[in-house]
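A.B. asks:
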Amino acid sequence: MKSEPTPKRLDLEGGATLLLEEDHSLPLVSMTLALKSGSAHDPVGKEGASRIALRMLRRGAGGMTAKQIEDAIDRLGGEVGTDASPSGATVGAQVIVRNLDNFVDLLATMLGSPAFPSDEFGRLQRETVAEILESRDSDRALAQRAFRRSLFAGHLYGRSTTGTTATVPRLTEDDARAAYGLHVRRGNLVIGLSGDVNESDAKRVAARLLDAIPAGQGLPDPIVEPEPKKGRRLVFVDKPERTQTQVLIGTLGTSAFDPDHVPLGVANAVFGGTFTSRLMREIRSKRGWSYGASARLATDRHRQSFSMWTFPSSADVAPCLRLEIELLEAFVDKGITPRELSFVKSYLTRSRAFDVDTSSKRLHQALDVVSLDLPADYHSSYVAKVKSTTLEAANLAVKTRIHPADLVVVVVGTAESTLEGVRGAIDALEEHTVVPFDAE
Amino acid sequence: MPALDPHGAIAEKLSAGAPAGQKVTYRGAHPFSDTKLHRYELSNGLTILLLRDQSAPVAAYHTWFNVGSRHEKTGKTGLAHLFEHLMFNETESFKAGEFDKKLEESGAESNAATWVDWTFYHEALPKDRLPLAVRLESERMARLVLREPQVKSEKEVVANERRYRVDDDVEGASNELLYKTAFTRHPYHWPTIGWMEDIQGFTPEDCETFYRTYYAPNNAVVVVVGDFQEPKLLGLMQKAYGPIPRSVIPPDEALPEPFQSESDLREITLKKPTPTEKLIVGYHGPALGDQDHVPLTVLNELLFGGRASRLYRALVLDTETCIETRGWVSTFRDGGLYEMYGTARAGKTTGDILAILDREIARVTADVVSEDELARAKARLELSLLQSLETMNGKAEQIGFFETVLGEPSAAFRRLEGYRRSTASDLRKAARRYLTGQGRTLVRVLPENGA
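Read top to bottom, the protein sequences are chains A and B.
FYI, in the working numbering the residues of the first sequence are 1 to 440.
FYI, in the working numbering the residues of the second sequence are 441 to 891.
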């Protein structure tokens with residue numbers, strides 16, 4: 001197999017890093033400014049500060065009003081979005097190449113001289129609270145939130161990056177300014193460029209952005225390794241009139257630094273990572289209980305979650321849940337078979353082509369490595385590690401990392417009609433709590 | 441004698457010695473961005489569109505069938521979509537489950553989608569695995585096995601999909617009501633996923649009849665984008681698809697939707713366990729192929745596209761009436777709807793949203809928009825087209841969609857030229873034609889507890 005193209009890496013003045021992946025097939029340039037710190041730095045009671053600070057970048061900067069900034073982005077054929085997580089944050093942008101320099105000037109103004117005008121801050125605060133309320137319409141989002149809160153209770157991963165209806169209204173412009181000052185600094189920055197841009201363009205773009213961004217070192221990571229919690233716990237999110245439920249079952253999963261990280265991922269792909277996985281076959285194909293059924297291992301700087309996701313009808317949720325736990329126990333006890341291993345290795349190595357088929361995907365892999373401090377060969381050694389995974393290594397990884405005795409089960413549904421069945425479907429259930437869907 | 445076009449020569453060579461019904465004909469090239477895609481046709485009517493792209497060692501293989509929910513009958517709604525699910529089951533050569541297994545083993549990803557006018561199946565494969573896609577897709581075009589257990593299990597999966605997307609989803613439920621109310625005669629009246637009672641009533645015979653009628657080479661287009669050798673790929677396709685017989689495709693029975701007169705204001709209220717009120721407005725709009733579709737799309741971008749658009753500004757930023765708003769001019773073969781959405785904030789009502797919406801509609805029908813706003817809307821549409829072409833799958837989808845709905849595989853670029861040429865006057869004309877002088881349909885969603 002030909003080696004995969006990898007982005008060029010340049011270390012810039014002030015501790016910043018530039019990653020470049022050229023692709024001249026479309027007149028489009030994508031830019032990602034990745035900050036190596038995120039909402040885990042939000043002070044207690046000020047959850048949401050980092051995210052709101054980033055979102056304020058487009059709401060007034062360098063003498064431009066929010067309206068002028070939005071008009072300019074559109075006029076240049078550009079797009080700007082921001083995102084934050086406990087471990088990092090990004091400003092992502094894309095622009096038609098003919099307007100690249102003007103667009104970079106605009107980005108430099110937004111990143112380097114945000115004004116945090118108080119009328120806009122108040123508006124964004126109210127908008128954020130309204131968004132939190134509106135997200136109650138999404139049963140899946142309710143399930144994810146409850147799962148994260150319960151699995152990582154007392155840990156920084158358990159907090160909300162968006163903030164809550166209690167914390168967001170209490171934030172001030174000074175909190176946003178402080179969060180901006182903390183995160184947006186040269187030593188904390190990785191600049192990624194992909195698309196119709198060459199090395200000299202990229203250096204010019206990076207220099208222009210760095211010139212605008214305050215100097216400063218990167219930040220120490222405040223997140224510690226999460227501790228496992230013992231026993232099986234059910235969180236039932238009660239919402240009226242559900243004909244269907246959302247079910248998440250999980251526990252702690254993997255860290256990118258575990259020696260068995262790839263073998264665990266290989267085994268998980270057999271269990272719930274493909275369209276023909278065990279979960280899909282048993283739950284969707286054989287029984288028609290849920291439109292989707294999957295298992296996922298999240299990756300971050302520290303150990304993250306393992307979770308199984310299904311959405312059976314209210315009538316099927318109890319047997320579906322029981323079956324999922326049985327399948328999980330069998331997966332841990334007996335592991336995967338040689339035939340399954342051979343099949344999934346073929347899938348994972350061949351489908352790798354789709355992880356790297358565009359310049360922006362290649363860039364994002366490199367960005368992950370640098371911004372989340374993953375092992376340098378995290379992506380480049382992936383195929384070789386999959387190929388060399390033995391049955392013993394895969395099955396041992398599952399036994400070592402996944403503990404079916406310690407599960408968080410989250411069900412979003414109507415308690416009146418389904419809670420009893422759900423409780424009965426979980427053997428050795430130690431505790432259960434029922435929370436109204438509009439509690440947060 | 442002029443030299444034969446190399447693509448014509450490929451077709452001629454493949455046809456020499458082929459059985460009478462299995463010839464390949466080259467039908468010419470279509471410009472596509474800065475390159476060309478080539479059109480071939482087999483004797484049985486199968487259209488093949490090939491776009492060579494060597495930017496990555498992968499390929500996209502799309503099969504578009506000219507069948508969607510518009511081809512269904514009352515009492516049998518949802519059949520096209522259920523069928524899409526069944527297409528992943530057993531065939532004469534492959535046991536149930538083998539189709540997906542073979543693809544996954546090859547590192548391929550596959551899926552499918554159904555809507556009002558079409559159904560399409562797509563695979564993304566490493567480039568050396570293209571022959572597998574040819575084999576599997578040709579097999580299921582002609583040799584699908586439909587048995588009771590699979591039909592029963594897929595009906596259950598689809599019923600669950602309906603609960604997920606419609607019954608327990610506020611937006612899905614309200615969108616379904618909008619079309620149900622706005623269309624009274626045309627089949628856009630019913631949802632593509634089908635009514636629940638229809639889904640539960642299908643028999644294997646219903647599926648078999650549907651399959652034999654619509655899954656035929658003369659009702660399909662295969663689009664391949666990727667790094668392939670054209671003669672080799674075409675040869676494989678000729679061999680695999682050539683023997684499949686044509687079908688007699690029934691005429692389109694869709695009745696035109698009667699005009700919704702100015703006095704015909706339809707309004708439905710839906711109560712749901714949702715935190716805030718929602719409003720959906722639907723005006724009957726142009727078909728995708730109508731000339732007006734292009735300026736109305738530009739107008740929609742100006743009204744709803746992004747944070748600098750008029751309605752986002754008015755509803756979300758300035759008055760803080762909504763948390764979200766958006767608009768869409770449906771891209772259907774027949775006239776669909778110009779849909780407008782607003783999600784109210786706590787304490788605001790659908791009436792508040794409607795008042796602002798009406799004020800902005802009145803503005804665009806009375807006055808021409810500014811050149812700066814027009815330029816911004818055009819730049820956004822150009823960016824969005826470029827973004828859709830970033831992957832081979834994206835390109836294949838553009839080609840397959842426009843070929844199936846308009847018979848014009850590179851229409852995306854003609855439309856882009858149309859956006860560029862649209863004037864402020866064109867936008868106002870389109871606004872006057874569709875947003876005044878006819879009735880409209882409103883769906884109001886209210887929180888159940890009256891909060």
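Built from N, CA and C at the ideal position, the CB exists for glycine as well.
Keep in mind the model is a prediction, meaning the values are calculated, not measured.
#1: Do you know how far the Cα of E693(B) is from the Cα of A754(B)?
#2: What are the boundary residues of the alpha helix (DSSP H) that includes N833(B)?
#3: Would G77(A) pass as an interface residue toward chain B - the criterion being a Cβ-Cβ separation below 8 Å?
#4: Which ranges would you report for the beta strand (DSSP E) in the region 162-232 of chain A if only whole runs of at least 3 residues count?
#5: C647(B): which of L757(B), A656(B), L586(B) and A680(B) sits nearest, CA to CA?
#6: According to DSSP, what are the bridge partners of G722(B)?
#7: So, using beta-carbon positions, are S105(A) and R816(B) closer together than 8 Å?
#8: DSSP three-state label for Q640(B), please.
#9: If contacts are defined as beta-carbon pairs under 8 Å, then V665(B) and A500(B) qualify, I think. What distance do you get, rounded to the angstrom?
#10: For the beta strand (DSSP E) containing V398(A), list its first residue and its last residue.
#11: Cα-Cα, which of F560(B), F534(B) and P571(B) is closest to Y681(B)?
#12: Output, in chain order, the set of chain B residues within a Cβ distance shorter than 7 Å of K239(A).
#13: Suppose only complete runs of 3+ residues qualify. What are the beta strand (DSSP E) ranges in the region 526-554 of chain B, listed by chain order?
#14: What is the C-beta distance between L519(B) and E512(B), in whole angstroms, given that I count them as a contact (C-beta under 8 Å)?
#15: Taking only the alpha-carbon atoms, compute the straight-line gap between Y723(B) and L875(B) and give it to the nearest angstrom.
#16: For a minimum of 3 consecutive residues, which ranges assigned as the beta strand (DSSP E) are wholly contained in the region 744-824 of chain B?
#17: With a threshold of 16 other CB atoms inside 10 Å of the CB of G776(B), please say whether the residue is buried or exposed.
#18: Got a sec? Which residues, its chain only, sit under 7 Å from F311(A) by beta carbon, not counting five neighbours each side?
#19: DSSP beta-bridge partners for I488(B)?
#20: Suppose only complete runs of 3+ residues qualify. What are the beta strand (DSSP E) ranges in the region 11-79 of chain A, listed by chain order?
#21: Please list the segments of the alpha helix (DSSP H) lying wholly inside the region 571-615 of chain B, counting only runs of 4 or more residues, in order along the chain.
#22: Starting from the C-beta of A444(A), find all residues in its chain whose C-beta is less than 8 Å away, skip the five residues before and the five after it, and write them out in chain order.
#23: Inspect the beta-carbon positions of L133(A) and T790(B) and report whether they are closer than 8 Å.
#24: Below 7 Å CB to CB, which residues in the same chain sit around G424(A) once its five sequence neighbours on both sides are set aside?
#25: Using only the alpha-carbon positions, how far apart do F528(B) and A552(B) sit?
#26: Give the secondary structure of K239(A) by DSSP, where H, G and I count as helix, E and B as strand, and everything else as coil.
#27: Have a look at Y628(B) and D557(B) and give me their C-alpha separation to the nearest angstrom.
#28: Are the C-beta of Y347(A) and some C-beta of chain B separated by less than 8 Å?
#29: Taking only the alpha-carbon atoms, compute the straight-line gap between I763(B) and L736(B) and give it to the nearest angstrom.
#30: Can you find a CB in chain B that lies within less than 8 Å of the CB of P222(A)?
#31: Using 10 angstroms around the beta-carbon of L363(A), count the other beta-carbons present and answer buried if the total reaches 16, otherwise exposed.
#32: Closer than 7 Å by beta-carbon distance: list the chain A residues that pair up with R785(B), in chain order.
#33: Determine the chain B residues that contact Q217(A) at a beta-carbon separation under 7 Å, and present them in chain order.
#34: Indicate the three-state DSSP secondary structure (helix, strand or coil) for A439(A) in the structure shown.
#35: What is the residue span of the alpha helix (DSSP H) that R123(A) lies within?
#36: Going by DSSP, what residue range makes up the alpha helix (DSSP H) through Q462(B)?
C.D. replies: Here's the rundown:
#1: Answer to the nearest angstrom: the Cα atoms are 42 Å apart.
#2: M832 to L846 is the extent of the alpha helix (DSSP H) around N833(B).
#3: By this cut-off, G77(A) is an interface position.
#4: 189-195, all fully within the region 162-232 of chain A.
#5: Of L757(B), A656(B), L586(B) and A680(B), the residue nearest in Cα terms is L586(B).
#6: Its beta-bridge partners are E779(B) and T881(B).
#7: Residue 105(A) is actually Asp in this sequence, not Ser. Taking the C-beta atoms as reference points, R816(B) is found no nearer than 8 Å to D105(A).
#8: Three-state result, Q640(B): helix.
#9: About 5 Å separates the CB atoms of V665(B) and A500(B); that is less than 8 Å, so the two are in contact.
#10: Boundaries around V398(A) are those of the alpha helix (DSSP H), L391 to R401, since no beta strand (DSSP E) includes it.
#11: Answer by Cα proximity: P571(B).
#12: Contacts between K239(A) and chain B, judged by CB atoms closer than 7 Å, involve P713 in chain order.
#13: When DSSP assignments are scanned along the region 526-554 of chain B, the uninterrupted stretches of beta strand (DSSP E) that are 3 or more residues long and fall wholly within it turn out to be 549-554.
#14: Between L519(B) and E512(B), the beta carbon gap of about 5 Å places them in contact (Cβ cut-off 8 Å).
#15: Each residue's alpha carbon lies about 7 Å from the other.
#16: Every beta strand (DSSP E) stretch that sits fully inside the region 744-824 of chain B and reaches 3 residues is listed by chain position as 762-769 and 777-784.
#17: G776(B) is buried by the Cβ-count criterion.
#18: Counting only Cβ-Cβ distances below 7 Å, and skipping sequence neighbours, we find Q244, T245, Q246, V247, S290, Y291 and G292.
#19: Paired residue(s): Y480(B) and V662(B).
#20: Note on the region 11-79 of chain A: whole beta strand (DSSP E) runs with a minimum of 3 residues are 17-22 and 28-35, in chain order.
#21: You should have 588-602.
#22: Here chain A has residues from 1 to 440 only, and residue 444(A) is not among them.
#23: Not a contact, by the Cβ cut-off of 8 Å.
#24: Counting only Cβ-Cβ distances below 7 Å, and skipping sequence neighbours, we find A318.
#25: When rounded, the distance between both Cα atoms is 9 Å.
#26: DSSP places K239(A) outside both helix and strand once states are collapsed to three, so it counts as coil.
#27: Taking the straight line from one Cα to the other gives about 9 Å.
#28: At least one chain B Cβ lies under 8 Å of Y347(A).
#29: Whole-angstrom Cα-Cα distance: 24 Å.
#30: So no, P222(A) is outside the interface.
#31: With 16 or more other Cβ atoms within 10 Å, it is buried.
#32: Simply A130.
#33: Correct list: empty, because the minimum Cβ distance to chain B is about 34 Å.
#34: Three-state result, A439(A): coil.
#35: In the DSSP assignment, R123(A) falls within the unbroken alpha helix (DSSP H) covering S118 to E134.
#36: Segment: none, Q462(B) is in no alpha helix (DSSP H) and carries neither H nor E.
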